[in-house]
Amino acid sequence: MMVPKPASSWARLITTGLLRRPSHPFHASRSTIAPVRFPSSPSCGPFASVLRERQFCSSSSSGDESEDHLDEFLDFPGAKVGFINKIKFTAERPQEPVPCFRVLDDHGRLIKDAYMPEVDKPLAIRMYQNMVTLQVMDTLFFEAQRQGRFSFYLTTFGEEAINIASAAALNNDDMVYAQYREPGVLMWRGFTLKEFANQCFSNVADYGKGRQMPVHYGSAKLNYPTVSSPIGTQLPHAVGAAYAFKMDQKPLCTTTFFGEGASSEGDFHGAMNFAAVLEVPVLFICRNNGFAISTPASEQFKSDGVVAKGHAYGMRSIRVDGNDTLAMYATVKAARKMAVEESRPILIEALTYRVGHHSTSDDSGKYRKGDEMQHWKTMRDPVLRFRRWLEGEGWWDTDAEQKLRSDARNEVISALQSAGSQMKQPLTNLFTDVYDTIPRNLIQQEKELRSTVGRHHEDYPSDVPLY
Ligand SMILES: Cc1ncc(C[n+]2csc(CCOP(=O)(O)OP(=O)(O)O)c2C)c(N)n1
1 MMVPKPASSW ARLITTGLLR RPSHPFHASR STIAPVRFPS SPSCGPFASV LRERQFCSSS
61 SSGDESEDHL DEFLDFPGAK VGFINKIKFT AERPQEPVPC FRVLDDHGRL IKDAYMPEVD
121 KPLAIRMYQN MVTLQVMDTL FFEAQRQGRF SFYLTTFGEE AINIASAAAL NNDDMVYAQY
181 REPGVLMWRG FTLKEFANQC FSNVADYGKG RQMPVHYGSA KLNYPTVSSP IGTQLPHAVG
241 AAYAFKMDQK PLCTTTFFGE GASSEGDFHG AMNFAAVLEV PVLFICRNNG FAISTPASEQ
301 FKSDGVVAKG HAYGMRSIRV DGNDTLAMYA TVKAARKMAV EESRPILIEA LTYRVGHHST
361 SDDSGKYRKG DEMQHWKTMR DPVLRFRRWL EGEGWWDTDA EQKLRSDARN EVISALQSAG
421 SQMKQPLTNL FTDVYDTIPR NLIQQEKELR STVGRHHEDY PSDVPLY
């Protein structure tokens, strides 16, 4: 059987060492069926994992263990699999859940012998300032929405550490494909409070030209493609961008954030598989905050959370305490290094809790217990926990805290006032930028809309220009 010649682009990537030669089903045809002798008692190498799998077998085997024939394997295209002569189903989950890495305990004290990332005073204080500013922005923007000043908002309460520590551990040139609960990454990169407010008010300075819901931020300058409402769509995009980095041999990675609810979308599975097979430098950071609006994680999947899925796709994975700023920072830093230096995807499952409502369209008291929410808000608050560590280091005190909160409050109020007083994006933007030549039906719709506005100008908002 002739093996087809690789297409020229594949050939180029193989020559430059960017890709492994694609395996062809017939490459191994001669040895596919013939049983091959197993090296005696393999503890490492390609066979070890097959043997290790045995500890996860379910107990529903029939007969005596000693009759297993583990000295032979099937050299199947794409896998070398040992034989057994009993029916054994793998267990649905490992016996113990994957453990969760943390550096700080709930009181902000360093855990004995924990891996400690290199975090000096300026970096630690900058991370804390961003976490507090994010909290203050969320508090005041949420109130502004409740006052009817814009149509929608959602907070990151409880997830400040995931936002800020991840951003701090990345290179600012790394592309970030976010869901919607990660504005802290943009904040870390220099997106101003005024820019956040411009987007929420859809004013003339909004980069999205008023076409997105509030909170759907984006910044080309800060390598943060605009957030898109349909859940999970950012995941394959992140993989594609990472593949581009790989082909261009850039020492960068992409990072995509998503909730555990998004892991039920087909896009998640496609993205994970492509990333693993193409060996691209992408970090999948799942914020497992326990709820996808009203659906609890226990009704979302039966696996050991999201981290278990990395194994299924052949991807290195880790579970981390998402409310521990130092653990998040250490994890993302290490993951980024592996992703870039070894060109590989990494899955990070950050365990956390969505302290706020899903959004201003939700009342989480309808599906969660008040004491559970209160527990996470008070006892497991990532901001307070990090502050305690800073105070323990002698880097922070009450005066610094009061000044930070008061300055942040004033800056947020000023950003809201300034953005709210600007004109909105013009009506024209409803019809432009999608088609090169605007189709007839849209021209007709615009005409009808303008005629309606002309007839009811008293109802038309005065801050939305017609052109
Ligand atoms: C494809 C799609 N399905 C449903 C929705 C409605 N929706 C918006 S947010 C959300 C929950 C997402 O939960 P998760 O990914 O866990 O993120 P979280 O909000 O908890 O941060 C759903 C179902 C949507 N926007 N897109």
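Numbering (full-length UniProt numbering), first residue to last: 1 to 467.
A virtual CB, placed ideally from N, CA and C, is assigned to each residue, including glycine.
Asked	Found
Beta-bridge pairing of Met-175 - partner residues as DSSP gives them	Thr-254
Supposed contact pair Ala-335 and residue 468 - C-beta distance, whole angstroms, cut 8 Å	Residue 468 lies beyond the residue range present for the chain, which begins at 1 and ends at 467; the question has no answer from this structure.
Burial state of Phe-152, where buried means 16 or more other Cβ atoms lie within 10 Å	exposed
Distance cut-off 7 Å: Ile-162 Cβ against heavy atoms of ligand 1	no
Unbroken stretches of the beta strand (DSSP E), 3 residues or longer, contained in the region 205–277	254–259
Exposed unless 16 or more other CB atoms sit within 10 angstroms - verdict on Asn-288	buried
Reference Asn-172; option with closest CA among Gln-179, Asp-463, Gln-444, Leu-186	Leu-186
Alpha-carbon to alpha-carbon, Val-320 and Cys-100	5 Å
C-beta atoms of Val-332 and Ser-229 nearer than 8 Å	no
Chain-order list of residues whose beta-carbon lies under 8 Å from that of Val-340 (same chain, five-residue window excluded)	Pro-251, Leu-252, Cys-253, Pro-281
Residue from Gln-300, Arg-354, Leu-430 with nearest C-alpha to residue 469	Within the shown structure, residues of the chain are numbered from 1 to 467, placing residue 469 beyond reach of any answer.
Range of the contiguous alpha helix (DSSP H) that encloses Glu-143	121–146
Enclosing alpha helix (DSSP H) for Leu-416 [first to last residue]	398–420
Three-state secondary structure assigned by DSSP to Arg-54	Note that Arg-54 has pLDDT 36, beneath the 50 cutoff, so the model's placement of it is unreliable and the number below is only indicative. Reduced to three states, the DSSP call for Arg-54 is helix.
CB contact below 8 Å: Glu-159 versus chain C	In the structure shown, chain C cannot be found, because there is only a single protein chain.
CA nearest to the CA of Ser-264, picked from Met-338, His-457, Asp-407, Thr-295	Thr-295
Closer than 7 Å: Asn-289 CB and nearest ligand 1 heavy atom	yes
Cβ-heavy atom distance, Ala-262 to ligand 1, below 7 Å	yes
Exposed unless 16 or more other CB atoms sit within 10 angstroms - verdict on Ser-365	First, the amino acid is wrong: residue 365 is Gly here, not Ser. With fewer than 16 Cβ atoms within 10 Å of its Cβ, Gly-365 is classed as exposed.
Under 8 Å between C-beta atoms of Phe-284 and Pro-236	no
Three-state class that DSSP yields for Thr-192 in the structure shown	coil
Residue from Thr-155, Phe-201, Thr-325, Phe-191 with nearest C-alpha to Ile-125	Thr-325
Unbroken alpha helix (DSSP H) run spanning Ala-312, endpoints	307–313
Asn-323 burial status per 10 Å Cβ neighbour count (16 or more: buried)	buried
According to DSSP, residues forming a beta bridge with residue 491	For the chain, the structure presents residues 1 to 467; residue 491 sits outside this window and is missing.
Continuous alpha helix (DSSP H) assignments of at least 4 residues falling wholly in the region 330–360	none
Backbone secondary structure at Lys-302 - three-state DSSP	coil
Cβ-heavy atom distance, Arg-354 to ligand 1, below 7 Å	yes
heavy atom of ligand 1 below 7 Å from Arg-181 C-beta	yes
Alpha-carbon spacing of Met-272 relative to Ser-359, whole angstroms	28 Å
Coil, strand or helix - Pro-296 by DSSP	strand
Residue span of the alpha helix (DSSP H) that contains Asp-371, given as start and end	370–378
One or two residues paired with Val-282 in a DSSP bridge	Thr-254
Alpha carbon of Glu-53 to alpha carbon of Glu-92, nearest angstrom	Per-residue confidence for Glu-53 stands at a pLDDT of 41, beneath the threshold of 50, marking its modelled position as unreliable; the derived number appears in the next sentence. Distance between the alpha carbons of Glu-53 and Glu-92 is about 12 Å.
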